[in-house]
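Just so you know, the protein sequences line up as chains A and B, in that order.
Sequential numbering from 24 applies to the first sequence in the working numbering.
Sequential numbering from -3 applies to the second sequence in the working numbering.
For every residue, glycine included, the Cβ atom is placed at its ideal position computed from N, Cα and C.
Quick notes on the structure that follows.
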Amino acid sequence: MKKELKKYMPFYLFLLPSIALVILFCYMPMEGLLIAFKDYKMARGIEGSDWVGLQHFKDLFTDPNFYRVLGNTLKISILTLLTTFPVTIIFTLLVNELASKRFKGVVQTITYMPHFLSWVVVGTFVYQLLSPTGGVVNAILIQLGVLDKPLYFMAQKDMFVPIYLISNLWKTTGYSIVIYLATISSIDTSMYDAASIDGANRFHRILYITLPAMFPTMCTMLILNIGSLVSVGFDPVFNLYNDATYQTADVISTYVYRKGMVESRYDFSTAIGLFQNVVSLALVMIANWFARKANPEYKVI
Amino acid sequence: MKKSIGSRIFDYCNILFMILFCITVFIPFWDVVVRSFSRASDISYMHINLLPKVWTLDAYKYCFQDNEILMAFVVSVLRTVVGTGVHIIVCCMAAYSLTRTDMPFRKTITAILLIPMFFSAGMIPAYLNMKRLGLLNNFLVYVLPSGFSIYNTIIIRNYFFSIDKGMEEAASIDGASQTKIFTSIIMPLSKPVIATVALWQMVGQWNAWFDNMMYCRRTASLTTLQYLLRRMLDSLTASTTTAASGVEAIGALVDTNPDTIKAATTILVVLPIVLIYPFLQKYFVKGIMVGAVKG
């Protein structure tokens, strides 16, 4: 054993930086989770603060704001799933049906691009397009006579969810088709030829060959998406919402941020975050279990 | 094979749809380019400007004279370069060790590295931890926490596995140390995967802004370009409340940052990504395929 360890010494040394980083930035913060059960006082530190048991969770479940953000979170993530999923599938099929390879390449090159932008940039784009003082959308709607005065879209609380969904589609659709196109490219082309000889038209070929071939990937993606149901990303919401749209836009992660970083209620905010992370973890576990059942080749890592 | 009329109509509709879709993706980019070259006074909601009425470089001149913007650009470049370098070194070293399938404690070590992928402490504990480590308002907070990623490590490891074991053995017989083998055989042979992960990380670092807002909010000399843009967005959102209260308030909605300067800053943020885009396209797609197939 000693000899073994000595032989592998250089490899253990190679692992030191990564283990050190993981301990410093992933495990050490976990101690901070204790403050979800404490009355945290900055001056007394994590250890020195008094225990309050489940008080913060009791507060949480009687806080009407919490049910509002939980509702918004579920609503936004379900609607995101219901829009991105069909749009991705249809867009994949349409791109796949393009006859010219060259045109297909151009379409993909253009539609990928937004994937590489940060949500700050996308937020800037959205505010600018919808701006009442020089935004293209207001200009068009006024020219068409739909509106007689410019409308501040970003300050309308009923507009937030549609704006969010459209921005999300704009940013992600081009990139999310990549994995499906790869699945399609692995289909044996002789299947299409055989189907044509049997009299199948184009629509039949899509319906009975292409779609079934995409099905396993679709299942995996769908299940994984369900795993992240309670965790609407912080970035997109934070860069699209503002005080005027809190009521419809605020999700758990943004609420955690404001309670913690703006109002300095560290303990309460940690409790909300802990609740979200535990539910997320459970959902991911369940989703993974289903994914493995549905597709035996699927592995988490 | 002759195509039916229906099929041909479908083809034309499909092409038309794709062109429209591409235009939709393109509009925000074009809009920001036009704005950045326009005079502030030419932007109004009454007209759609396909091209600037008068071309001007004023906004860019302003940006290049503004110390805050220039400084932020430097910070962003620095964090991208240093952050990517640290990330590649740390991940490659870990990946090389993880190729030793018979190493004692390999399973335990893998578990330690893997668990954070499924459970994290959350926003506030992370903040308190940074504070305890003395990393608030410190450049290191940009490059250390993102220094390691198990996902990229596994992708690199899978590539290392594909390198011929014979070369390593030959070098070992010639008396080369493990460090020597790693730096002069394994790393040079792994250029494709290193390029992929490096580009990945570069985009991530360039686009990062949340760590700036959380941990370096108060240090002007550590403001990144993304966060600067985010603050310009903030000054815009702060005015929404006034705008919501009445249409007449819109006249009073004069921003601290004129639209054209914001547009020019956006261009500065987006341009580097556009410039490396051809490489990104080549490697990124390959990257997610590696992740998906070998997983």
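Alpha helix (DSSP H) segment containing residue i, residue limits
{"i": "residue 85 (chain A)", "result": "78 to 85"}
{"i": "residue 190 (chain B)", "result": "187 to 203"}
{"i": "residue 236 (chain A)", "result": "234 to 250"}
{"i": "residue 90 (chain B)", "result": "63 to 94"}
{"i": "residue 121 (chain B)", "result": "119 to 128"}
{"i": "residue 176 (chain B)", "result": "174 to 177"}
{"i": "residue 151 (chain B)", "result": "146 to 157"}
{"i": "residue 35 (chain A)", "result": "32 to 45"}
{"i": "residue 9 (chain B)", "result": "1 to 32"}
{"i": "residue 166 (chain B)", "result": "161 to 169"}
{"i": "residue 216 (chain A)", "result": "212 to 220"}
{"i": "residue 207 (chain B)", "result": "206 to 211"}
{"i": "residue 134 (chain B)", "result": "Element bounds for residue 134 (chain B): n/a, residue is neither H nor E."}
{"i": "residue 223 (chain A)", "result": "Per DSSP, residue 223 (chain A) belongs to no alpha helix (DSSP H) and is neither H nor E."}
{"i": "residue 104 (chain B)", "result": "102 to 110"}
{"i": "residue 56 (chain A)", "result": "Looking at the DSSP string, residue 56 (chain A) is not in any alpha helix (DSSP H), and its letter there is neither H nor E."}
{"i": "residue 272 (chain A)", "result": "269 to 272"}
{"i": "residue 277 (chain A)", "result": "275 to 280"}
{"i": "residue 331 (chain A)", "result": "The shown model of chain A, from 24 to 324, leaves out residue 331 (chain A), and the question about it has no answer."}
Bridge partners - residue i, DSSP secondary structure assignment
{"i": "residue 61 (chain A)", "result": "A:74"}
For residue j and residue i, believed in contact at Cβ under 8 Å, the rounded distance
{"i": "residue 283 (chain A)", "j": "residue 289 (chain A)", "result": "6 Å"}
{"i": "residue 144 (chain B)", "j": "residue 88 (chain B)", "result": "So it is not a contact: roughly 11 Å between Cβ atoms."}
{"i": "residue 148 (chain A)", "j": "residue 270 (chain B)", "result": "That pair is no contact at about 14 Å."}
{"i": "residue 342 (chain A)", "j": "residue 121 (chain A)", "result": "Chain A is shown from 24 up to 324; residue 342 (chain A) falls before or after that span and cannot be answered."}
{"i": "residue 214 (chain A)", "j": "residue 232 (chain A)", "result": "5 Å"}
{"i": "residue 178 (chain A)", "j": "residue 268 (chain A)", "result": "7 Å"}
{"i": "residue 182 (chain B)", "j": "residue 159 (chain B)", "result": "6 Å"}
{"i": "residue 175 (chain B)", "j": "residue 279 (chain B)", "result": "Between residue 279 (chain B) and residue 175 (chain B) the Cβ distance is about 27 Å, and since that is not below 8 Å, they are no contact."}
{"i": "residue 252 (chain A)", "j": "residue 314 (chain A)", "result": "At roughly 15 Å, the Cβ-Cβ gap does not stay under 8 Å, so residue 252 (chain A) and residue 314 (chain A) are not in contact."}
{"i": "residue 203 (chain A)", "j": "residue 115 (chain A)", "result": "4 Å"}
{"i": "residue 92 (chain B)", "j": "residue 157 (chain B)", "result": "About 11 Å separates the two Cβ atoms, so there is no contact after all."}
{"i": "residue 39 (chain B)", "j": "residue 230 (chain B)", "result": "Incorrect: roughly 20 Å between the Cβ atoms, too far for contact."}
{"i": "residue 135 (chain A)", "j": "residue 277 (chain B)", "result": "6 Å"}
{"i": "residue 61 (chain A)", "j": "residue 73 (chain A)", "result": "6 Å"}
{"i": "residue 109 (chain B)", "j": "residue 45 (chain A)", "result": "6 Å"}
Any non-hydrogen atom of the ligand NAD closer than 7 Å to residue i Cβ
{"i": "residue 138 (chain A)", "result": "Absence of the ligand NAD from the depicted structure is noted, as is the absence of any ligand whatsoever, leaving it without description."}
Output the residue ranges of the alpha helix (DSSP H) runs that lie fully inside the stretch 294 to 321 of chain A and measure 4 residues or longer, sorted by chain position.
-> Correct list: empty.
Taking only runs of the alpha helix (DSSP H) that begin and end inside the stretch 133 to 199 of chain A, which ones reach a length of at least 4 residues, in chain order?
-> Runs found: 142 to 152, 159 to 166.
Would the stretch 101 to 111 of chain A and the stretch 187 to 204 of chain A be scored as touching if the rule is three or more Cβ pairs under 8 Å?
-> The answer is yes - the stretch 187 to 204 of chain A touches the stretch 101 to 111 of chain A, with three or more Cβ pairs under 8 Å.
The stretch 54 to 61 of chain B / the stretch 158 to 175 of chain A touching (three or more Cβ pairs under 8 Å) = Too few Cβ pairs lie closer than 8 Å, so no.
Does the stretch 44 to 51 of chain B come within contact of the stretch 128 to 143 of chain B, defined as at least 3 CB pairs closer than 8 Å?
-> No contact exists between the stretch 44 to 51 of chain B and the stretch 128 to 143 of chain B.
State whether the stretch 42 to 52 of chain A contacts the stretch 108 to 118 of chain B, with contact taken as three or more CB pairs (one from each stretch) at a distance under 8 Å.
-> Because the criterion of three Cβ pairs below 8 Å is met, the stretch 42 to 52 of chain A and the stretch 108 to 118 of chain B touch.
Uninterrupted alpha helix (DSSP H) stretches inside the stretch 102 to 138 of chain A (no shorter than 4 residues) = DSSP runs (the alpha helix (DSSP H)) wholly in the stretch 102 to 138 of chain A: 124 to 135.
For the stretch 150 to 168 of chain A against the stretch 244 to 260 of chain A, are there 3 or more C-beta pairs whose distance is under 8 Å?
-> Contact between the stretch 150 to 168 of chain A and the stretch 244 to 260 of chain A is absent: fewer than 3 CB-CB pairs across the two stretches fall below 8 Å.
Taking one C-beta from the stretch 62 to 74 of chain B and one from the stretch 202 to 219 of chain B each time, how about it: are there three or more such pairs within less than 8 Å?
-> By the Cβ criterion, the stretch 62 to 74 of chain B is in contact with the stretch 202 to 219 of chain B, since at least three pairs of Cβ atoms, one from each stretch, lie closer than 8 Å.
At least 3 beta-carbon pairs within less than 8 Å: the stretch 201 to 220 of chain A vs the stretch 234 to 241 of chain A = For the pair of segments examined, the stretch 201 to 220 of chain A was found to touch the stretch 234 to 241 of chain A: the number of CB pairs separated by less than 8 Å reaches three.
Three or more C-beta pairs below 8 Å linking the stretch 151 to 159 of chain A and the stretch 20 to 40 of chain B | Short answer: they touch.
Assess, as a yes-or-no matter, whether the stretch 273 to 281 of chain A is touched by the stretch 79 to 95 of chain A under the definition of 3 or more beta carbon pairs within less than 8 Å.
-> Here the stretch 79 to 95 of chain A makes contact with the stretch 273 to 281 of chain A; the two share three or more CB pairs at distances below 8 Å.
Given 8 Å, three or more beta-carbon pairs between the stretch 121 to 135 of chain B and the stretch 200 to 215 of chain B = Look at the beta carbons and you see the stretch 121 to 135 of chain B touching the stretch 200 to 215 of chain B: at least three pairs across the two are nearer than 8 Å.
Would you call the stretch 128 to 146 of chain A and the stretch 54 to 66 of chain A in contact, with 3 or more CB pairs under 8 Å?
-> Here the stretch 128 to 146 of chain A does not lie against the stretch 54 to 66 of chain A, with fewer than 3 beta-carbon pairs under 8 Å apart.
Would you call the stretch 26 to 46 of chain A and the stretch 144 to 155 of chain B touching, i.e. three or more CB-CB distances under 8 Å?
-> Taking a contact to require three or more Cβ pairs closer than 8 Å, the stretch 26 to 46 of chain A and the stretch 144 to 155 of chain B qualify as touching.
Should the stretch 30 to 40 of chain B be regarded as contacting the stretch 255 to 267 of chain B, the criterion being three or more beta carbon pairs within less than 8 Å?
-> With a cut-off of 8 Å on Cβ pairs, the stretch 30 to 40 of chain B is in contact with the stretch 255 to 267 of chain B, counting three or more such pairs.
Is the stretch 192 to 206 of chain B touching the stretch 77 to 84 of chain B, taking contact as three or more C-beta pairs under 8 Å?
-> Segments in contact, yes.
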